[in-house]
Amino acid sequence: RWFDWQYYSNDATLSKAIKSSIKTNINEYIKAVFDSNSLNKLDPNNLLVGYEVHGVDIIAAEANSVTTNLIDVSNVISITVSGLQPNTQIGRYYHFLDASNKVLLTSDIGLATEKTISVPAGAVWFRMSLKQRNPNPLDISTAQIEYGNSKTNYVDFSQGDIVGLQEIGRAH
66 RWFDWQYYSN DATLSKAIKS SIKTNINEYI KAVFDSNSLN KLDPNNLLVG
116 YEVHGVDIIA AEANSVTTNL IDVSNVISIT VSGLQPNTQI GRYYHFLDAS
166 NKVLLTSDIG LATEKTISVP AGAVWFRMSL KQRNPNPLDI STAQIEYGNS
216 KTNYVDFSQG DIVGLQEIGR AH
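Numbering (my numbering), first residue to last: 66 to 237.
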């Protein structure tokens with residue numbers, strides 16, 4: 066519930082403008098990170114379109130790229146990525162972050178469309194470029210990111226609880 070800020074500013078007009086701006090613009094700056102109730106941790110409705118995981122530990126604006134939102138990997142030993150569309154322009158980068166969103170490891174899967182990746186100690190979040198510098202339309206109809214070291218049959222993402230928030234448009 067949004068409370069008026071008049072108590073703090075003593076200016077009802079300013080308070081109304083601030084509240085309206087926050088409500089209108091919050092989704093441009095922050096995205097909720099949802100867990101999944103299924104094996105597939107890739108949320109197709111919560112992607113960073115126009116961004117890539119860059120090889121120098123940042124998220125960078127790139128028109129022909131699409132990146133996953135953060136995926137919770139706390140207490141996970143490995144993850145398996147499968148069903149990705151071909152990306153012949155560049156190897157797709159991914160990175161792992163700790164609880165303070167500090168990058169622990171950045172690497173790439175080359176031109177592969179599936180790969181099992183070991184989760185480094187202390188990692189809480191995982192993010193990867195699903196499509197990187199690729200002008201073709203995004204196709205994640207069979208893409209899956211799951212816990213474990215083996216690929217299973219594709220299942221749809223099933224939205225669970227919010228497990229975090231991700232800032233948008235900020236290189237971390």
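For glycine and all other residues, C-beta sits at the position ideal for the given N, C-alpha and C.
If you're wondering where the values come from, they're calculated on a predicted model, not measured in any experiment.
Exercise. Helix, strand or coil: which one does DSSP assign to K180?
Worked result: strand
Exercise. Measuring CB to CB, does S143 end up less than 7 Å from F222?
Worked result: no
For this session: Identify the continuous beta strand (DSSP E) that holds H119 and give its terminal residues.
Result: It is not in any beta strand (DSSP E) - H119 carries neither H nor E in the DSSP assignment.
For this session: Tell whether a beta-carbon distance below 7 Å holds between G120 and Y158.
Result: yes
Problem set entry | R25 versus V114, A97 and V118, residue with shortest Cα-Cα distance | What is shown of the chain runs 66 to 237, which leaves residue 25 out entirely.
Problem set entry | Simplified DSSP state of A97, which is helix, strand or coil | strand
Exercise. By the 10 Å Cβ neighbour count, where 16 or more other Cβ atoms means buried, how is D108 classified, buried or exposed?
Worked result: buried
For this session: May I ask you to report which of helix, strand or coil DSSP gives R235?
Result: Confidence in R235 is poor, its pLDDT being 47 and thus under 50, which makes the residue's placement too unreliable to answer from.
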